[in-house]
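S.K.: Handing you a structure now.
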Amino acid sequence: MPIVYIALGTNLEPRAAHLDKALELFHSLSGVEVKRVSSIYESKPVGYLDQPNFLNLVFEAETELLPLDLLDSCQTIEQELGRVRTIRFGPRTLDVDIVLYGVESIDEERLTVPHPRMQERSFVLLPLQELNPEYVVPEWNKTVNELVAELPAKDLEEIWKYAPES
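The numbers in the UniProt record's numbering rise by one with no breaks, and the one at position 155 of the sequence shown is 155.
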């Protein structure tokens with residue numbers, strides 16, 4: 001079964017609860033076995049800036065699902081958590097992205113893997129680095145560690161491990 005890496009992000013409250021519920025739904029999803037989950041990171045928004053900070057994580061899973069079937073399942077989970085697609089890069093209850101699907105490169109109308117902007121996104125690369133720092137991303141033939149090292153310093157200043165308020 002292929003190993004997949006899936007990124008979750010949310011910036012509408014209750015943010016941590018949205019991530020917990022999404023992970024619960026993935027744990028119960030037939031054909032997907034969640035193996036490991038990164039820490040939660042908080043980051044400033046990218047693109048559309050007039051919105052709350054995001055919480056992000058990446059999880060590793062084994063799947064029996066074909067890539068587009070996995071995408072359909074991801075979108076169903078987004079919808080179950082109230083995702084409404086209005087503003088591109090805008091606020092959302094949940095964003096689910098298939099970052100990596102085994103060693104495959106996929107370029108379909110509905111799905112591009114590796115995720116086409118992952119190498120620019122600290123909120124994907126840092127959680128992924130926790131899980132598999134030496135993974136060689138096929139599209140760029142670089143390890144996750146190498147991709148993190150290429151991030152601009154400013155990007156690394158705008159992300160930190162999430163510390164829930166007590």
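By construction, the Cβ of each residue, glycine as well, lies at the ideal position given by its N, Cα and C atoms. Remember, it's a predicted structure, so these values are computed and weren't measured experimentally.
Whole angstroms are fine: how far does the CA of L156 sit from the CA of E120?
M.R.: As a working note, residue 120 is residue 120 in the sequence shown. As a working note, residue 156 is residue 156 in the sequence shown. In a straight line, the C-alpha of E120 is about 11 Å away from that of L156.
S.K.: My assumption, with CB atoms under 8 Å, is that V46 sits in contact with Y5. Please give the rounded CB distance.
M.R.: As a first step, residue 46 is located in the sequence shown; it is residue number 46 there, counting from the start. As a first step, residue 5 is located in the sequence shown; it is residue number 5 there, counting from the start. Rounded, the Cβ-Cβ distance is 19 Å, inconsistent with contact.
S.K.: In angstroms with no decimal places, state the Cα-to-Cα distance between Q129 and K35.
M.R.: Here the question's residue 129 lines up with position 129 in the sequence shown. Here the question's residue 35 lines up with position 35 in the sequence shown. If you take the alpha carbons of Q129 and K35, they lie about 15 Å apart.
S.K.: Tell me whether R36 sits in a helix, a strand or coil according to DSSP, three-state version.
M.R.: Working through the sequence shown from its first residue, we reach residue 36 at position 36. In the structure shown, R36 sits in a strand (DSSP, three-state: E or B).
S.K.: Below 8 Å CB to CB, which residues in the same chain sit around T143 once its five sequence neighbours on both sides are set aside?
M.R.: For the purposes of this step, residue 143 is taken as residue 143 along the sequence shown, with counting starting at 1. The residues are P133, E134, Y135, V136 and V137.
S.K.: Looking only at its chain, what residues have a beta carbon closer than 7 Å to the beta carbon of K21, apart from the 5 residues adjacent to it on each side?
M.R.: Taking the first residue of the sequence shown as 1, we reach residue 21 at position 21. Excluding sequence neighbours, K21 sits near L81.
S.K.: Assuming F54 and E42 are in contact, meaning their beta carbons sit under 8 Å apart, how far apart are those beta carbons, in whole angstroms?
M.R.: Walking along the sequence shown from the start, residue 54 turns up at place 54. Walking along the sequence shown from the start, residue 42 turns up at place 42. Yes, F54 and E42 are in contact; Cβ-Cβ is about 7 Å, under 8 Å.
S.K.: Identify every run of the alpha helix (DSSP H) within the stretch 113–160, keeping only runs that are complete inside it and at least 4 residues long; order them along the chain.
M.R.: List check, alpha helix (DSSP H) in window: 122–131, 144–149 and 153–157.
S.K.: Starting from S105, trace the alpha helix (DSSP H) both ways and give me its first and last residue.
M.R.: Stepping through the sequence shown from its first residue, residue 105 is reached at position 105. No alpha helix (DSSP H) holds S105; DSSP gives it neither H nor E.
S.K.: Compute the beta-carbon to beta-carbon distance between residue 215 and R117, rounded to the nearest angstrom, for a pair I have assumed lies under 8 Å.
M.R.: Nothing about residue 215 can be reported from this structure: the residues present for the chain run from 1 to 166 only.
S.K.: Answer yes or no: does any C-beta atom of chain C fall closer than 8 Å to that of Q119?
M.R.: Given the protein chain composition of this structure (a single chain), no chain C is represented.
S.K.: In its own chain, which residues sit with a C-beta less than 6 Å from the C-beta of V103, not counting the 5 before and 5 after it?
M.R.: For the purposes of this step, residue 103 is taken as the residue at position 103 of the sequence shown. Taken in chain order, the residues that qualify are P138.
S.K.: Could you check whether A16 and E33 sit closer than 8 Å to each other, using their CB atoms as the reference points?
M.R.: Against the sequence shown, residue 33 aligns to sequence position 33. Against the sequence shown, residue 16 aligns to sequence position 16. Not closer than 8 Å, so no.
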